[in-house]
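Novice: Numbered per the numbering used here, the first sequence spans residues 13 to 497.
We put the CB at the ideal spot given by N, CA and C, even for glycine.
Sharing a structure, written as structure tokens. Questions coming.
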Amino acid sequence: MAPSPTGRFHLGSARTALFDYLLAHKTGGQFILRLEDTDQKRFVPGSEEEILRSLDWLGITPDESPVHGGKYGPYRQTERRDLYLKRANELVQKGFAYPCFCSPERLERSRKEQEARKVDRVRYDGLCRAIDPGDAAKRVASGENYVIRFKMPQDGSTTAHDHLRGDIVTENKYLDDSVIMKSDGLPTYHLAAMVDDHEMEITHVMRGSEWLSTFPLHVNIVRAFGWEEPVWIHLSVFLKPSGKGKMSKRESAQAMKDGYTIFVDDMKDLGYTPEGVLNWIALMGWGVAEDDVMSLDEMIQRFNIDTLTPSPAAINFQRLDHFNGAHIRRLPTSDLSRRIKPYFVEAGLPVEDDALLKITPLIRERLVTLDDCLAFASFFFKESVEPNPVELIAKGLDAKQSVEIAKKCFEILSALPDVSPQTAEPPMRAYVESAGLNANQVFGILRVAVTGQKVSPPLFESMEIIGREKVLSRLQNAIQILLRM
RNA sequence: GCCCCCAUCGUCUAGUGGACUAGGACGCAGCCCUUUCAAGGCUACGACCGGGGUUCGAAUCCCCGUGGGGGCACCA
């Protein structure tokens, strides 16, 4: 994959990376990360690190990259500049490109003039295309400022083949003489990517469909060099949740407010798992017959470029939650424990590994995001809980009746050697039965008393982990609260 | 304005001329399970953008509309 370090690493780039990774691992190829950093003006410090960090977190680390090395390096385009100049000159020599000495001001004037004439397509007027190559070479040698433009055919048409869309035929009269080498000596994407793809022996190019419009240029460049073309795949774009238009700054801000994000580097903090995120983005633009929860390995098994889809896909965060929860449920206890521990630590709770190992199975199927563990299990690690007095009153009963029930619970439980489900549940059920109450009422009071909340993991299992002493003291505390009402 | 791409339930998609009463998943609604919340199981609702062709037969092929997306830089 070849992102440019000009901003944050988002879902779209992540999916491209995933597909690249999947294809490489499916076919026994190498997954390469190349940095397209030829635009010094838009360079954003730190973005290269964010790309690496995100890829790493997702678990799709490149085989070759600026930091991992590899036999096709260097992997930053700015470190390959000599190569591009050499190749650009080769094109000039062969008559496929030419130096252009037009100043930005002249270009601007020409554009304005064309706009005034309401031409269908504003393009380079071709002034320097007509310069005699010998004269042009002399001007270049004399140190004059110049760029190199690709000499697009002016007649006929260009047929480019996309693996998903078939042949795309473009009339050459709609094409332009694009700049392939800038005056600062660095190439534009058009040249750099084609040269690198060839040098690095890239077999498949998967990129966003925003490249479709320059697709004819790219195949013309490759053909001018006489190189073999890679398989071209233009992936669908991601649309905002409404399906109307691409994600904008505003939409990503809105997503943040809703607890979601389109930036991979933020996913971890929001409690998402790499497995969930990967599964989610994989199925946007890839149609598997019976789509399902898949691990990375399962994706590799099933991946096939023929089953990629060309139409735009709306981002659906509810699906992310679905896949995240599904993958959390797939996690072994020890693994899940390890992953949720940091959230307790972060919250300043004295988490013990042994207890956490027992708690994890109790909350596993309740978690949508990892940080949900706090809402479900914080009470295990607190010294005491503060129940909401109102919640201590059972449905259909008043405070007086509720306190009686609480007292009875205390009486029963305190007579027991422990509060495990095996020993505590039978007598409690017997009490519910004999008192003519329903389980909801009695267990509801008990739940709020010992956990401090109305919603919790299974009650008796929870009590066992909390321990007899703490359960009884919390129950005692609840009785006091009820008495004061 | 011009060029290019795309078009099946609200969303992601399966479907490559007859096996389609159009399948699955998310979400939504109901039921079951159940001490809460989940998870799980079952059921319901829900789509081939429109119009012309081609064909014995079209969601599938062609054309025209319409809608959506992308591009028209010394950015990628």
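If you draw a straight line from the alpha carbon of Asn12 to that of Met279, how long is it in whole angstroms?
Specialist: Since the first residue of the chain shown is 13 and the last is 497, residue 12 is not available in this structure.
Novice: Give me, in chain order, the residues of the same chain whose beta-carbon lies closer than 8 Å to that of Asp270; leave out the 5 immediate sequence neighbours on both sides.
Specialist: If you number the first sequence from 1, residue 270 lands on position 258. Excluding positions up to five away in sequence, the list reads Phe329.
Novice: Leu498 by DSSP, collapsed to three states: which one?
Specialist: The question about residue 498 has no answer, for the chain in this structure spans 13 to 497.
Novice: From what residue to what residue does the beta strand (DSSP E) around Ile160 run?
Specialist: Within the first sequence, the letter at position 148 stands for residue 160. First-last of the beta strand (DSSP E) with Ile160: 159–162.
Novice: Classify Gly146: buried if its beta carbon has 16 or more other beta carbons within 10 angstroms, exposed otherwise.
Specialist: Sequence index remark: in the first sequence, residue 146 carries index 134 (1-based). It is exposed - the Cβ of Gly146 has fewer than 16 other Cβ atoms within 10 Å.
Novice: Can you grab the Cα-Cα spacing for the pair Glu481 / Phe422, in whole Å?
Specialist: On the first sequence, residue 481 is found 469 positions in, with the first residue counted as 1. On the first sequence, residue 422 is found 410 positions in, with the first residue counted as 1. In a straight line, the C-alpha of Glu481 is about 11 Å away from that of Phe422.
Novice: Compare the C-alpha of Ser414 against each of Gly168, Leu495, Arg151 and name the closest.
Specialist: Within the first sequence, the letter at position 402 stands for residue 414. Checking every option, the nearest Cα to that of Ser414 belongs to Leu495.
Novice: From this set, Thr321, Pro399, Val104, Thr200, which residue's C-alpha is nearest Arg54's C-alpha?
Specialist: Walking along the first sequence from the start, residue 54 turns up at place 42. Among Thr321, Pro399, Val104, Thr200, the Cα nearest to that of Arg54 is on Thr200.
Novice: Leaving aside the five residues before and after Phe391 along the sequence, list all residues of the same chain whose C-beta is less than 6 Å from its C-beta, in chain order.
Specialist: Position 379 of the first sequence, counted from the first residue, corresponds to residue 391. So the list reads Val397, Thr463, Gly464, once near-sequence residues are dropped.
Novice: Check whether the Cβ atoms of Thr321 and Gly299 lie closer than 8 Å to each other.
Specialist: Residue mapping note: residue 321 aligns to position 309 of the first sequence, counting from 1. Residue mapping note: residue 299 aligns to position 287 of the first sequence, counting from 1. Yes.
Novice: Could you work out which residue in Ser154, Ala451, Leu308 is closest to Tyr33 when comparing CA atoms only?
Specialist: By one-based count along the first sequence, residue 33 stands at place 21. Among Ser154, Ala451, Leu308, the Cα nearest to that of Tyr33 belongs to Leu308.
Novice: With a Cβ-Cβ cutoff of 8 Å, do His202 and His230 count as a contact?
Specialist: On the first sequence, residue 202 is found 190 positions in, with the first residue counted as 1. On the first sequence, residue 230 is found 218 positions in, with the first residue counted as 1. Yes, Cβ-Cβ distance for His202 and His230 is below 8 Å.
Novice: Who pairs with Thr285 in a beta bridge, going by DSSP?
Specialist: Locating residue 285 in the first sequence gives position 273, where the first residue counts as 1. Answer is none; Thr285 lacks a bridge partner.
Novice: Are the CB atoms of Ser264 and Pro324 nearer to each other than 8 Å?
Specialist: On the first sequence, position 252 is the one that residue 264 refers to. On the first sequence, position 312 is the one that residue 324 refers to. No, the Cβ-Cβ distance between Ser264 and Pro324 is not below 8 Å.
Novice: Measure the alpha-carbon distance for Glu445 versus Ser432 and round it to whole angstroms.
Specialist: Your numbering for residue 445 matches position 433 in the first sequence. Your numbering for residue 432 matches position 420 in the first sequence. If you take the alpha carbons of Glu445 and Ser432, they lie about 20 Å apart.
Novice: Can you tell me where the beta strand (DSSP E) with Leu247 in it begins and where it stops?
Specialist: In the first sequence, residue 247 corresponds to position 235, counting from 1. It spans 243–247 - the beta strand (DSSP E) in which Leu247 sits, taken as one unbroken run.
Novice: Compute the distance between the beta-carbons of Thr90 and Ser59, then report whether it is under 8 Å.
Specialist: To locate residue 90, count along the first sequence from 1; it is residue 78. To locate residue 59, count along the first sequence from 1; it is residue 47. Going by C-beta atoms, Thr90 is not nearer than 8 Å to Ser59.
Novice: Go to Ile192, then tell me how far its beta strand (DSSP E) extends in each direction, as first and last residue.
Specialist: As a working mapping, residue 192 is identified with position 180 in the first sequence. Unbroken beta strand (DSSP E) run through Ile192: 191–193.
Novice: How about Lys252 and Ile352: are their beta carbons less than 8 Å apart?
Specialist: Walking along the first sequence from the start, residue 252 turns up at place 240. Walking along the first sequence from the start, residue 352 turns up at place 340. Contact: no.
Novice: Return the CA-CA distance between Arg350 and Pro78, expressed in angstroms with no decimal places.
Specialist: On the first sequence, position 338 is the one that residue 350 refers to. On the first sequence, position 66 is the one that residue 78 refers to. So the two alpha carbons sit approximately 31 Å from each other.
Novice: Closer than 7 Å to a non-hydrogen atom of the ligand FAD - does that hold for the CB of Ser426?
Specialist: Among the components modelled here there is no ligand, and therefore nothing to report on the ligand FAD.
Novice: Nearest-angstrom Cα distance between Arg486 and Ala389?
Specialist: For the purposes of this step, residue 486 is identified with residue 474 of the first sequence, where counting begins at 1. For the purposes of this step, residue 389 is identified with residue 377 of the first sequence, where counting begins at 1. Approximately 16 Å between the Cα atoms of the pair.
Novice: Measure the beta-carbon distance from Gly41 to Thr215 and round it to whole angstroms, keeping in mind my assumption that it falls under 8 Å.
Specialist: The residue given as residue 41 occupies position 29 in the first sequence. The residue given as residue 215 occupies position 203 in the first sequence. Right, their Cβ atoms sit about 7 Å apart.
Novice: Specify the secondary structure class of Ile491 as computed by DSSP and reduced to three states.
Specialist: Counting from one through the first sequence, the residue named residue 491 turns up at place 479. If DSSP states are grouped into helix, strand and coil, Ile491 belongs with the helices.
Novice: With 16 as the cutoff for other CB atoms within 10 Å, does Glu476 come out buried or exposed?
Specialist: Within the first sequence, numbered from 1, the residue matching residue 476 stands at position 464. With 16 or more other Cβ atoms within 10 Å, it is buried.
Novice: Would you identify the three-state DSSP class for Trp239, choosing helix, strand or coil?
Specialist: Within the first sequence, the letter at position 227 stands for residue 239. Three-state result, Trp239: coil.
Novice: Do Val152 and Ser195 have their CB atoms nearer than 8 Å?
Specialist: As a position in the first sequence, residue 152 is number 140, starting the count at 1. As a position in the first sequence, residue 195 is number 183, starting the count at 1. In this structure, Ser195 does not lie closer than 8 Å to Val152 by Cβ.
Novice: Measuring only the C-alpha atoms, how far is Leu67 from Ala36?
Specialist: Along the first sequence, one-based indexing puts residue 67 at 55. Along the first sequence, one-based indexing puts residue 36 at 24. One C-alpha to the other measures close to 15 Å.
Novice: Using the beta-carbon count (16 or more within 10 Å), is Met497 buried or exposed?
Specialist: In the first sequence, residue 497 corresponds to position 485, counting from 1. Exposed, by the Cβ-count rule.
Novice: Would you call the CB atoms of Ser190 and Arg161 closer than 8 Å?
Specialist: Within the first sequence, the letter at position 178 stands for residue 190. Within the first sequence, the letter at position 149 stands for residue 161. Cβ atoms of Ser190 and Arg161: closer than 8 Å.
Novice: Can you give me the start and stop residues for the alpha helix (DSSP H) that Arg219 sits inside?
Specialist: Counting from 1 along the first sequence, the entry for residue 219 is found at position 207. Element bounds for Arg219: not the alpha helix (DSSP H) but the beta strand (DSSP E), 216–220.
Novice: Around the C-beta of Thr336, are 16 or more other C-beta atoms found within 10 angstroms, so that it is buried, or is it exposed?
Specialist: Residue mapping note: residue 336 aligns to position 324 of the first sequence, counting from 1. In the sequence on display, residue 336 carries Asn and not Thr. So Asn336 ends up on the buried side.
Novice: Of all the options Val460, Glu473, Pro470, Phe472, which has the alpha carbon lying nearest to the alpha carbon of Ile491?
Specialist: For the purposes of this step, residue 491 is taken as the residue at position 479 of the first sequence. Here the closest residue by C-alpha is Val460.
Novice: Compare the C-alpha of Trp69 against each of Ala26, Leu45, Lys106, Lys38 and name the closest.
Specialist: Taking the first residue of the first sequence as 1, we reach residue 69 at position 57. Cα-wise, what sits closest to Trp69 is Ala26.
Novice: So, do the segment 436–453 and the segment 401–414 have three or more beta carbon pairs nearer to each other than 8 Å?
Specialist: At 8 Å Cβ cutoff, the stretches touch.
Novice: Given 8 Å as the limit, is there contact between the segment 167–183 and the segment 233–249, that is, 3 or more CB pairs closer than that?
Specialist: The segment 167–183, when compared against the segment 233–249, does touch it at the 8 Å Cβ threshold.
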